[in-house]
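Protein chains in written order, with our numbering: chain L, 1 to 119; chain Z, 120 to 221; chain B, 222 to 362.
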């Protein structure tokens with residue numbers, strides 16, 4: 001089955017990104033395809049390569065990038081939400097790209113199931 | 120169509136579960152994740168929200184979030200099934216659409 | 222269909238529901254959700270925009286944000302109404318937009334239809350529940 005995920009919260013104010021990540025990993029291991037993860041609202045902060053968690057914390061920015069490159073997942077950061085929060089190409093982590101909100105609606109059309117992770 | 124409702128808020132802090140219960144279609148399912156897992160506890164002031172369900176809803180709770188919060192051994196409402204992330208994926212596949220009650 | 226499409230979605234028709242359940246201004250959710258709703262119009266899909274719980278305060282008349290410095294996005298709901306009318310009137314486009322409020326939510330907050338900036342369908346919880354069960358993609362924020 002083709003799955004589409006939306007992540008609406010940043011990695012250091014909410015569990016949403018972690019839940020989405022573990023869901024994506026489980027889905028892939030069960031043979032499903034994660035077409036795209038769309039990052040909106042404060043979720044755009046999941047794509048900031050300048051983020052440096054403490055050494056005993058998980059690095060979810062890196063984890064998303066690695067999962068995406070291993071399983072061909074399109075990680076899309078909303079341009080409008082990103083600009084507001086200073087999330088631009090200069091600080092974009094590996095594996096992510098910036099695009100418009102239309103990519104989220106397109107995902108809803110292309111995926112068999114769309115799941116929102118947020119607050 | 121069958122909907123999987125996902126609730127991630129503590130019932131002590133927000134009314135998402137109450138709204139979900141009010142608007143869920145009979146026969147649909149509710150999965151409690153993140154802080155939503157506190158609603159699965161069997162002996163709290165909010166336990167009746169789920170215990171009094173009249174809509175024949177299916178209730179599930181994410182084990183990983185119970186464990187994280189020290190609730191693995193806590194008394195749960197009988198009608199709630201425990202699932203892990205694999206089970207979460209199966210629920211998504213088995214339902215027609217997903218409604219996250221943010 | 223917008224130009225930067227990657228997936229093959231030509232001819233795909235789905236029922237989208239946008240659930241607005243948060244109060245305006247206190248958090249950014251209402252504003253950015255509205256931007257999402259506006260963008261979706263370009264895809265010519267069926268959509269239900271539904272206001273429940275504190276989301277009904279988003280469409281209360283008379284927002285004046287001047288002294289708080291917040292962006293007043295209330296006028297954008299007028300554009301949502303226009304999109305709906307355009308879709309309704311154009312026979313060429315297979316696109317129906319519905320703007321819905323839950324009766325129980327407005328009553329619980331001491332509001333009535335006259336207090337709202339938008340013309341809406343007022344549905345009971347039971348009616349809304351049935352409508353929710355018909356949706357393919359449910360986007361909440």
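Every residue, glycine too, gets a C-beta built ideally from N, C-alpha and C.
Next item on the list: Can you grab the Cα-Cα spacing for the pair residue 111 of chain L / residue 271 of chain B, in whole Å?
Entry: Sequence index remark: in the first chain, residue 111 of chain L carries index 111 (1-based). Sequence index remark: in the third chain, residue 271 of chain B carries index 50 (1-based). Answer to the nearest angstrom: the Cα atoms are 22 Å apart.
Notebook entry, point to check: Looking at C-alpha atoms only, which residue of Z:145, Z:168, Z:161 and Z:120 is the closest neighbour of residue 130 of chain Z?
Noted result: Mapped onto the second chain, residue 130 of chain Z falls at position 11. If we check each option's Cα against that of residue 130 of chain Z, Z:168 comes out closest.
Item checked: Local conformation of residue 191 of chain Z per DSSP, three classes -> Translated into positions along the second chain, residue 191 of chain Z becomes position 72. The answer is coil: DSSP assigns residue 191 of chain Z none of H, G, I, E or B.
Note to self: Starting from residue 179 of chain Z, trace the beta strand (DSSP E) in both directions and tell me its first and last residue.
What the structure shows: In the second chain, residue 179 of chain Z corresponds to position 60, counting from 1. Segment 177 to 181, the beta strand (DSSP E) holding residue 179 of chain Z.
Notebook entry, point to check: If we count the other Cβ atoms within 10 Å of its Cβ and call it buried at 16 or more, is residue 234 of chain B buried or exposed?
Noted result: What you label residue 234 of chain B is simply residue 13 of the third chain in a count that begins at 1. Per the 10 Å Cβ criterion, exposed.
Next item on the list: Count the other CB atoms, across all protein chains shown, that sit within 10 Å of the CB of residue 36 of chain L; report buried if there are 16 or more and exposed otherwise.
Entry: Counted from its first residue, the first chain places residue 36 of chain L at position 36. Burial call: buried.
Check: Which chain B residues are close to residue 37 of chain L, counting only those with a beta carbon under 7 Å from its beta carbon?
Finding: As a working mapping, residue 37 of chain L is identified with position 37 in the first chain. Chain B residues near residue 37 of chain L: none, gap ~14 Å exceeds 7 Å.
Next item on the list: Quick one: using the 10 Å Cβ neighbour count with 16 as the cut-off for buried, is residue 85 of chain Z buried or exposed?
Entry: Residue 85 of chain Z is absent from the model: chain Z starts at 120 and stops at 221.
Margin query: Could you check whether the stretch 306 to 324 of chain B touches the stretch 260 to 268 of chain B, counting it as contact only if at least three pairs of C-beta atoms, one from each stretch, sit closer than 8 Å?
Written below: yes
Note to self: Can you list, in chain order, the residues of its chain with a C-beta nearer than 8 Å to that of residue 226 of chain B? Leave out the 5 residues immediately preceding and following it.
What the structure shows: Residue mapping note: residue 226 of chain B aligns to position 5 of the third chain, counting from 1. Excluding residues within five positions, none has a Cβ falling inside 8 Å.
Notebook entry, point to check: Span of the alpha helix (DSSP H) holding residue 341 of chain B?
Noted result: Counted from its first residue, the third chain places residue 341 of chain B at position 120. No alpha helix (DSSP H) holds residue 341 of chain B; DSSP gives it neither H nor E.
Note to self: Since residue 282 of chain B and residue 338 of chain B should fall inside the 8 Å C-beta cutoff, what is the C-beta to C-beta distance between them, to a whole number of angstroms?
What the structure shows: Counting from 1 along the third chain, the entry for residue 282 of chain B is found at position 61. Counting from 1 along the third chain, the entry for residue 338 of chain B is found at position 117. The pair is a contact, with the Cβ atoms about 5 Å apart (cut-off 8 Å).
Notebook entry, point to check: So which of B:278, B:286 and B:245 has the shortest CA-CA distance to residue 334 of chain B?
Noted result: The residue you call residue 334 of chain B lines up with position 113 of the third chain. Taking only the C-alpha atoms, the option nearest residue 334 of chain B is B:278.
Checklist line | residue 167 of chain Z in three-state terms, based on DSSP | finding: Residue 167 of chain Z sits at position 48 when you count from the first residue of the second chain. It is helical.
Item checked: Nonlocal neighbours in the same chain, by C-beta distance under 8 Å from residue 356 of chain B, ignoring five residues either side -> Within the third chain, numbered from 1, the residue matching residue 356 of chain B stands at position 135. If we look at residue 356 of chain B and ignore the five residues flanking it on each side, its Cβ neighbours are 236, 237, 238 and 269.
Note to self: Could you tell me the alpha carbon to alpha carbon distance between residue 180 of chain Z and residue 217 of chain Z, rounded to whole angstroms?
What the structure shows: By 1-based counting over the second chain, the position of residue 180 of chain Z is 61. By 1-based counting over the second chain, the position of residue 217 of chain Z is 98. If you take the alpha carbons of residue 180 of chain Z and residue 217 of chain Z, they lie about 15 Å apart.
Checklist line | Interface flag, residue 99 of chain L vs chain B, CB-CB below 9 Å | finding: Within the first chain, the letter at position 99 stands for residue 99 of chain L. Chain B contact via Cβ: present.
Check: Near residue 161 of chain Z, which residues of its chain fall below 6 Å by C-beta distance, leaving aside the five closest residues on each side in sequence?
Finding: Along the second chain, one-based indexing puts residue 161 of chain Z at 42. The answer, listed in chain order, is 194, 195 and 196.
Notebook entry, point to check: Name the DSSP beta bridge partners of residue 96 of chain L, please?
Noted result: Numbered from 1 along the first chain, position 96 holds the residue referred to as residue 96 of chain L. The partner list for residue 96 of chain L (beta bridge, DSSP) reads L:75.
Check: In the DSSP assignment, what are the bridge partners of residue 38 of chain L?
Finding: Here residue 38 of chain L is taken as the residue at index 38 of the first chain, counted from 1. Note: residue 38 of chain L sits in a beta bridge opposite L:6 and L:76.
Next item on the list: Go through its chain and collect everything with a Cβ distance to residue 79 of chain L's Cβ below 7 Å, but skip five positions before and after it.
Entry: The sequence position of residue 79 of chain L within the first chain is 79, counting from 1. Correct list, in chain order: 98, 99 and 100.
Checklist line | Touch test, the stretch 346 to 354 of chain B against the stretch 289 to 304 of chain B, Cβ-Cβ under 8 Å, three pairs minimum | finding: no
Checklist line | Nearest-angstrom Cβ-Cβ length linking residue 96 of chain L and residue 253 of chain B, presumed shorter than 8 Å | finding: Start at 1 with the first residue of the first chain, and residue 96 of chain L comes out as number 96. Start at 1 with the first residue of the third chain, and residue 253 of chain B comes out as number 32. Incorrect: roughly 19 Å between the Cβ atoms, too far for contact.
Notebook entry, point to check: Contact between the stretch 59 to 75 of chain L and the stretch 124 to 138 of chain Z: three or more CB pairs below 8 Å?
Noted result: no
Notebook entry, point to check: Taking the continuous alpha helix (DSSP H) assigned at residue 105 of chain L, which residues delimit it?
Noted result: By 1-based counting over the first chain, the position of residue 105 of chain L is 105. 102 to 110 is the span of the alpha helix (DSSP H), which, as asked, contains residue 105 of chain L.
Item checked: Straight-line Cα distance separating residue 308 of chain B from residue 159 of chain Z -> As a position in the second chain, residue 159 of chain Z is number 40, starting the count at 1. As a position in the third chain, residue 308 of chain B is number 87, starting the count at 1. Approximately 44 Å, taken between the alpha carbons.
Note to self: For a test of the three-state rule: what should DSSP assign to residue 124 of chain Z, helix, strand or coil?
What the structure shows: Residue numbering aside, residue 124 of chain Z sits at position 5 when the second chain is read from its first letter. Reduced to three states, the DSSP call for residue 124 of chain Z is strand.
Check: Of the residues that make up the stretch 14 to 29 of chain L, which ones have a beta carbon closer than 8 Å to any beta carbon in chain Z?
Finding: 15, 16, 19, 22, 23, 25, 26, 27 and 29
Next item on the list: Would you kindly report the start and end of the unbroken beta strand (DSSP E) that includes residue 218 of chain Z?
Entry: By 1-based counting over the second chain, the position of residue 218 of chain Z is 99. From DSSP, the beta strand (DSSP E) with residue 218 of chain Z extends over 216 to 220.
Next item on the list: Identify, in the order they occur along the chain, each residue of the same chain with its Cβ nearer than 6 Å to the Cβ of residue 85 of chain L, setting aside the five sequence neighbours on each side.
Entry: Here residue 85 of chain L is taken as the residue at index 85 of the first chain, counted from 1. Cβ within range, chain order: 44.
Note to self: Taking beta-carbon pairs under 8 Å, can you tell me which members of the stretch 104 to 115 of chain L lie near chain Z?
What the structure shows: 113, 114 and 115
Margin query: Can you pull the chain B neighbours of residue 80 of chain L, defined as C-beta to C-beta under 7 Å?
Written below: As a position in the first chain, residue 80 of chain L is number 80, starting the count at 1. Under the 7 Å cutoff, chain B gives 256.
Note to self: Between residue 215 of chain Z and residue 121 of chain Z, how many whole angstroms is the CB-CB distance? I'm expecting something under 8 Å.
What the structure shows: Position 96 of the second chain, counted from the first residue, corresponds to residue 215 of chain Z. Position 2 of the second chain, counted from the first residue, corresponds to residue 121 of chain Z. Right, their Cβ atoms sit about 5 Å apart.
Note to self: For residue 163 of chain Z and residue 212 of chain Z, what's the separation of their Cα atoms in angstroms?
What the structure shows: As a working note, residue 163 of chain Z is residue 44 in the second chain. As a working note, residue 212 of chain Z is residue 93 in the second chain. Distance between the alpha carbons of residue 163 of chain Z and residue 212 of chain Z: 32 Å.
Next item on the list: Measure the C-alpha to C-alpha separation of residue 53 of chain L and residue 64 of chain L and round it to an integer number of angstroms.
Entry: Position 53 of the first chain, counting from 1, holds the residue named residue 53 of chain L. Position 64 of the first chain, counting from 1, holds the residue named residue 64 of chain L. When rounded, the distance between both Cα atoms is 14 Å.
Check: Can you give, in chain order, each stretch of the beta strand (DSSP E) that sits fully within the stretch 224 to 258 of chain B and has at least 3 residues?
Finding: 236 to 241
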